[in-house]
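Q: Once you've had a glance at the structure underneath, I'll fire off some questions.
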Amino acid sequence: QEVVSEESEEESNGVNLMEFSDEILLHILSYVPCTDLVLNVRRTCRKLATLCLDKSLTHTVLLQNDYKVNKDKVKQLMRDIGKEIYQLNMAGCYWLPSSTINHVTRCKNLVKLNLSGCHVTSLRLSKMLSTLQHLRSLAIDVNPGFDASQLSSECKATLSRVSELKQTLYTPSYGVVPCCTSLEKLLLYFEIFDLSREGFMLSGQLMVGESNVPHYQNLRIFYARLAPGYVNQEVVRLYLAVLSDRTPENLHAFLISAPGSFAETGATKNLLDSMARNVRLDALQLPKPWINGSGLLQHLKFNNPFYFSFSRCTLSGGHLIQRVINGGMDLKSLTSLNLSGCVHCLAPESLLRKAEDDIDSSILESLVVSCCNLRHLNLSAAHHHSSESIGNHLCQLLSRLKHLLSLALPVCSITDVAASVEKPPTTPNLVPQTFGRKVRIGIQTCPRNLGDQANQKIESSVFWALMGSLPFLETLEIIGSSFSSAMPRNEPAIRNLLPPCVRAQSVGDSEVAAISQLTYLQSLTLAQLPNILTGSGLVNIGLQCQHLRTLSLANLGMMGKVVYMSALTDMLKHCKCLRDLRLEQPYFCAGAQFFQALSHCSSLQRLCIVSRNGTLQSDAVMSFMANCLEVIMCHMFMGESVTVCKNLQQSIVRSFQAERPALNVVIFPLLHENLTEVIRDVPMRHLDEITLFKSRVAEEPPNLWW
Numbered sequence: 001q002e003v004v005s006e007e008s009e010e011e012s013n014g015v016n017l018m019e020f021s022d023e024i025l026l027h028i029l030s031y032v033p034c035t036d037l038v039l040n041v042r043r044t045c046r047k048l049a050t051l052c053l054d055k056s057l058t059h060t061v062l063l064q065n066d067y068k069v070n071k072d073k074v075k076q077l078m079r080d081i082g083k084e085i086y087q088l089n090m091a092g093c094y095w096l097p098s099s100t101i102n103h104v105t106r107c108k109n110l111v112k113l114n115l116s117g118c119h120v121t122s123l124r125l126s127k128m129l130s131t132l133q134h135l136r137s138l139a140i141d142v143n144p145g146f147d148a149s150q151l152s153s154e155c156k157a158t159l160s161r162v163s164e165l166k167q168t169l170y171t172p173s174y175g176v177v178p179c180c181t182s183l184e185k186l187l188l189y190f191e192i193f194d195l196s197r198e199g200f201m202l203s204g205q206l207m208v209g210e211s212n213v214p215h216y217q218n219l220r221i222f223y224a225r226l227a228p229g230y231v232n233q234e235v236v237r238l239y240l241a242v243l244s245d246r247t248p249e250n251l252h253a254f255l256i257s258a259p260g261s262f263a264e265t266g267a268t269k270n271l272l273d274s275m276a277r278n279v280r281l282d283a284l285q286l287p288k289p290w291i292n293g294s295g296l297l298q299h300l301k302f303n304n305p306f307y308f309s310f311s312r313c314t315l316s317g318g319h320l321i322q323r324v325i326n327g328g329m330d331l332k333s334l335t336s337l338n339l340s341g342c343v344h345c346l347a348p349e350s351l352l353r354k355a356e357d358d359i360d361s362s363i364l365e366s367l368v369v370s371c372c373n374l375r376h377l378n379l380s381a382a383h384h385h386s387s388e389s390i391g392n393h394l395c396q397l398l399s400r401l402k403h404l405l406s407l408a409l410p411v412c413s414i415t416d417v418a419a420s421v422e423k424p425p426t427t428p429n430l431v432p433q434t435f436g437r438k439v440r441i442g443i444q445t446c447p448r449n450l451g452d453q454a455n456q457k458i459e460s461s462v463f464w465a466l467m468g469s470l471p472f473l474e475t476l477e478i479i480g481s482s483f484s485s486a487m488p489r490n491e492p493a494i495r496n497l498l499p500p501c502v503r504a505q506s507v508g509d510s511e512v513a514a515i516s517q518l519t520y521l522q523s524l525t526l527a528q529l530p531n532i533l534t535g536s537g538l539v540n541i542g543l544q545c546q547h548l549r550t551l552s553l554a555n556l557g558m559m560g561k562v563v564y565m566s567a568l569t570d571m572l573k574h575c576k577c578l579r580d581l582r583l584e585q586p587y588f589c590a591g592a593q594f595f596q597a598l599s600h601c602s603s604l605q606r607l608c609i610v611s612r613n614g615t616l617q618s619d620a621v622m623s624f625m626a627n628c629l630e631v632i633m634c635h636m637f638m639g640e641s642v643t644v645c646k647n648l649q650q651s652i653v654r655s656f657q658a659e660r661p662a663l664n665v666v667i668f669p670l671l672h673e674n675l676t677e678v679i680r681d682v683p684m685r686h687l688d689e690i691t692l693f694k695s696r697v698a699e700e701p702p703n704l705w706w
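Just so we're aligned: 344 in the UniProt record's numbering is position 344 of the sequence shown, and the numbers increase by one with no gaps anywhere.
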C-alpha cells in the first residue's frame, strides 16, 4: 500500500501535458504531420480536438515528406479541413494515383499549390484549377500527352492570375506558361530525354498549337535548370526567344543552369546586351560559354546581389574581384556563392597558370572581407592549393566567415602545406587506383595507437581550426577535385577513375575526425579521400554529430578494399537521426554485418549503394527492410547478376509494398548496358536528391521555392 501511495503521489506531482498553455501546445503540435493531427491526435480529447484545427496548423499542409500518406488519408484530410488550407505541398508524392488530385478541389481557398512529381493529366488539371480561383502559386509536371487545348476557360482564368509558376518538363512543350499572363516568378526544369523509350530521336520544336507567346512583361525571377541533352537546350531557347525581344524592366534574378556546352546564339547575346542596358540584378547564373571570354560581367549592373553562380567558368580571380566584387565593393547582401569548377577563380590570371598552381591568398581575402555575410559557399571541383605563407591558408581565411551554414571544398584545399610537402605517401597510396587484381606490397605501417596520433595532429591543423570556427555549419562537402561518380545520368557507368590530387594524398582519418566538432551538422559528403586507413574519424562523427540526417561516402581509402567497414558499422550505431545514406565504393560487401549496424538507424528512409564488383546478401537485405520500418527507398547498383538483383527486388516489393505505399526499389548491375533505362524510371525526387552524386551547396538560390 505504501508503494502504491508513493506512485500515486508521484503521478499527482508530475506534469500533465494538457496543463500547458495553448501557445506551448500549438508549438508542440506544429512538429506533428498534419495527417496525424487531423486523423488521429484530434480524436484523443476535446482540448486537442480544438487545437488540432487551429488555423496556425491547418493553414499550411506539407505532405511532401509524409511517405505514409495514401489516397484514403488525403481524401479524409481534404474532407475535414479542405476549406482551411491555404498552402498545400504534395511535391514528390509519386506513389499517389492521379485520381487523388480530384480531392484538392475541396481546398477552395488555396493560394499556393505544389504538385511537382505528382501524376496530373491535362483534364484533371483543368478540372482542379477551375475551382481554385484564389490560386497565385503553382508547381506542376508536364508529361508526354499533355494537351493545353484541353484546359477550360475557367482553368485559364485561374492561370491568368498565377504569379509564381514552377514547371518540370518531360516533353517539349510550353505547358501552361502561355496562360499565365501575370507571371512574376518562373522556374523551369527541363528533364526531356533525347531518345524516346522506343529509341526514336525527339525534336526540340514545339508542337503546332503551342506556339502561344509567353507573357514575361511582369517577370522578376527567371530560373531554368537543364538536364543533359540536346533537346533540353533547344526547348529552353524557345522560352528565351521572347525575353530577347523585350527584357522585363523588373527582372532582378536571371539564372540558367546548364551542364556541358550550351552555346551562345545571336538571340541570347541580344538578351544579355539588353539586360546590361536595362536591368539591375540581384541574382545571376549563366552557362559557361556565355561568360567565358566575354566582357559581359563588366557591363552587367547589380543592385543588392544575394546569389552568384559561376560554376565551371574559366573566370579568373582578377576578373572576379574587378567585375563582380568591383575592387572590394561592399557585398554584405551576398549570402550564396557558387564557384564550383572555377579552377582559376582564386588566381590573378588564367592564361599561363596551371590548375595545380598555388592560389593567390589576397584574392580569397578580398572575397572574404567583401562578402562577410556568406551563408553558402561552394569551392569544389578545383585545385585550390595554399602557399606556405603563414596565416594565408585557405582554411584560415575561410574561418572568418562566421555565418556559414553550408560549405563545399576540394580535398586538396584542406591539407596543411607542410604535411603535404614533407610527409611521404603512405603505403596504401602506392597501390594503383584501379579495379584490377589486388597487389600485395608488404605489411602496412599503420600506427598502433592511431587515435592518440590523430588527436595530436588534428588539434594543430588548419582544418581542425576551421571546423572549430564554424559552430553552426549544417552542410559540409569535402570532394576530391578529380572525383567522378561511377554512375552518371545518361551514360553507361564510368569504368576508369582519375587518380586523386597529389596534395590530397595526406588527407585521411585525422581530417575526418576534425569534422566531429560540428555539433549541428545535418548533411555530410566525403568523396575521394585517399589516405583513409581505418575510418576512425567516422566513429567520432557518429558520436558527436547527433543531428546528422544525410551521409554520403564515396571512394575512401584504397580502391580494392573497403578499409573503413568496421568504423562505418560502429558509426551507424550512433546515427539515430540519419535519414539518407549513400555509399559509393568498389568491392563493397553489403552483408549481415553492415545491415545489422544499419538497423540501428531507426529514422533511415533512403538507402543507395553504388559499387563496382560489390556484393550483397539477399537475406541480410530482407532482414534489414523488415527491421527498419521507415525505409521507403532502396537503390543498389552492384556487381551481382541480373537474376539475383531481379529476385531480390521482387521479394522486397512483394513483402513490403502494401504497408509502405511510397516504397521504391531498384536493384540492378552497375555495369549493365540497360542501366540508363532503369534509372529513367526512378522518381525525380530520389534521383535528384540522393541517387545521383553531385555537389548541392549553393546549387541554386536559397528559398527559391517554398
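Glycine residues also receive a C-beta, built at the ideal position from the N, C-alpha and C atoms.
This one's a predicted model, so the numbers in the text were calculated from it and none came from an experiment.
#1: How would you write the range of the beta strand (DSSP E) that residue 711 sits in, first residue to last?
#2: Which of the three DSSP states, helix, strand or coil, is assigned to L331?
#3: Less than 7 Å between the beta carbons of L337 and L296, yes or no?
#4: Run the CB neighbour count on E474, radius 10 Å, all protein chains shown included, and call it buried at 16 or more, exposed below.
#5: Residues in its own chain within less than 8 Å of S695 by CB, not counting five upstream and five downstream?
#6: Just curious, the beta strand (DSSP E) that T643 is in, first and last residue?
#7: Using DSSP's beta-bridge definition, name the partner residues of L526.
#8: What's the call for C230, buried or exposed, on a 16-neighbour Cβ count within 10 Å?
#9: Any idea what DSSP makes of S336, helix, strand or coil?
#10: If I measure Cβ to Cβ from R440 and keep anything under 7 Å in the same chain, skipping five residues before and after, which residues do I get?
#11: Output the distance between the C-alpha atoms of S413 and S506, rounded to the nearest integer angstrom.
#12: Do you know how far the Cα of L604 is from the Cα of H686?
#13: Using beta-carbon positions only, say whether D66 and T100 come within less than 7 Å of one another.
#14: For A590, which residues from the same chain have a beta carbon less than 8 Å from its beta carbon, with the 5 sequence-adjacent residues on both sides left out?
#15: Assuming P348 and S316 form a contact by the criterion Cβ under 8 Å, report the distance between their Cβ atoms to the nearest whole angstrom.
#16: Going by DSSP, what residue range makes up the beta strand (DSSP E) through Y216?
#17: What ranges does the alpha helix (DSSP H) occupy inside the segment 266-292, keeping only unbroken runs of at least 4 residues that lie completely in it?
#18: Quick check on the DSSP output: what are the complete beta strand (DSSP E) runs of length 3 or more inside the segment 105-145, in order along the chain?
#19: To which residues does DSSP link K301 through a beta bridge?
#20: Does the Cβ-Cβ distance between C501 and S484 come in under 7 Å?
#21: Taking the C-alpha atoms as reference points, what is the distance between N627 and L598?
#22: Nearest-angstrom Cα distance between L138 and V678?
#23: Quick check: the Cα distance between T121 and L115, rounded to an integer number of angstroms?
#24: Throw me the rounded Cβ distance for the F463 and E388 pair, which I believe falls under 8 Å.
#25: Assuming P228 contacts Q205 under a Cβ cut-off of 8 Å, what Cβ separation, rounded to an integer in Å, is found between them?
#26: Under the three-state reduction of DSSP, which class applies to S484: helix, strand or coil?
#27: Is it buried or exposed, K73, if we count other Cβ atoms within 10 angstroms and call 16 or more buried?
#28: Report the residue from S126, N326, P410, K269 whose alpha carbon sits nearest the alpha carbon of S366.
#29: May I have the straight-line CA-CA distance separating G82 from H103, to the nearest angstrom?
#30: So H393 and L346 are in contact, right, with Cβ under 8 Å, and what is the actual spacing, rounded?
#31: Please state whether the Cβ-Cβ distance between G71 and P33 is less than 7 Å.
#32: Buried or exposed: where does A263 fall if 16 or more other Cβ atoms within 10 Å of its Cβ makes it buried?
#33: If you run the structure through DSSP and keep just helix, strand and coil, what is P701?
#34: Is the Cβ-Cβ distance between N303 and D282 less than 7 Å?
#35: Starting from D580 and walking both ways along the beta strand (DSSP E), at which residues does that stretch end?
#36: Using only the alpha-carbon positions, how far apart do R280 and K301 sit?
A: So, to answer that:
#1: Examination of residue 711 is not possible in this model, given that the chain is present from 1 through 706 alone.
#2: Three-state DSSP puts L331 in coil, outside helix and strand.
#3: 7 Å or more divides the Cβ of L337 from the Cβ of L296.
#4: When all chains shown are included, E474 counts as buried.
#5: Once the five neighbours on either side are set aside, the close Cβ partners of S695 are S340, N378, S380, A381, A408, E477, I479, T525.
#6: Looking at the DSSP string, T643 is not in any beta strand (DSSP E); the run it does join, the alpha helix (DSSP H), is 642-656.
#7: Per DSSP, the beta bridge partners of L526 are I478, L553.
#8: One detail in the question is off: residue 230 reads as Tyr in this sequence, not Cys. Exposure of Y230 is indicated by the presence of fewer than 16 other C-beta atoms within 10 angstroms of its C-beta.
#9: Of the three classes helix, strand and coil, the one that applies to S336 here is strand, per DSSP.
#10: Note that R440 scores a pLDDT of 43, beneath 50, so its modelled location is shaky and nothing firm can be said.
#11: Spanning the two alpha carbons is a distance of roughly 11 Å.
#12: About 14 Å.
#13: Not a contact, by the Cβ cut-off of 7 Å.
#14: Answer for A590: I609, S611, G614, T615, L616, Q617, A620, V621, M636, M638, listed in chain order.
#15: Contact flag correct, Cβ pair sits at about 7 Å.
#16: Annotation: Y216 is outside any beta strand (DSSP E) and is labelled neither H nor E by DSSP.
#17: As far as the segment 266-292 is concerned, its whole alpha helix (DSSP H) runs of at least 4 residues are 266-278, 288-291.
#18: Fully enclosed beta strand (DSSP E) runs of 3 or longer: 112-114, 137-142.
#19: Beta-bridge analysis with DSSP links K301 to R280.
#20: The answer is no: Cβ separation not under 7 Å.
#21: When rounded, the distance between both Cα atoms is 10 Å.
#22: Their Cα atoms are separated by approximately 30 Å.
#23: In this structure, the CA atom of T121 is about 12 Å from the CA atom of L115.
#24: Going by Cβ atoms, the distance from F463 to E388 rounds to 16 Å, so no, they are not a contact pair.
#25: Contact flag wrong, Cβ pair sits at about 20 Å.
#26: Three-state result, S484: coil.
#27: That one is buried.
#28: Nearest C-alpha to S366 among S126, N326, P410, K269: N326.
#29: Their Cα atoms are separated by approximately 9 Å.
#30: With a Cβ gap of about 12 Å, H393 and L346 do not count as contacting.
#31: Looking at the sequence shown, residue 71 is not Gly but Lys. No, Cβ-Cβ distance for K71 and P33 is not below 7 Å.
#32: A263 should be labelled exposed.
#33: Shown here, P701 sits in coil according to DSSP, grouped into three states, outside any helix or strand.
#34: In contact: N303 and D282 (Cβ atoms closer than 7 Å).
#35: Unbroken beta strand (DSSP E) run through D580: 580-584.
#36: Distance from the CA of R280 to the CA of K301, rounded to the nearest whole angstrom, comes to 5 Å.
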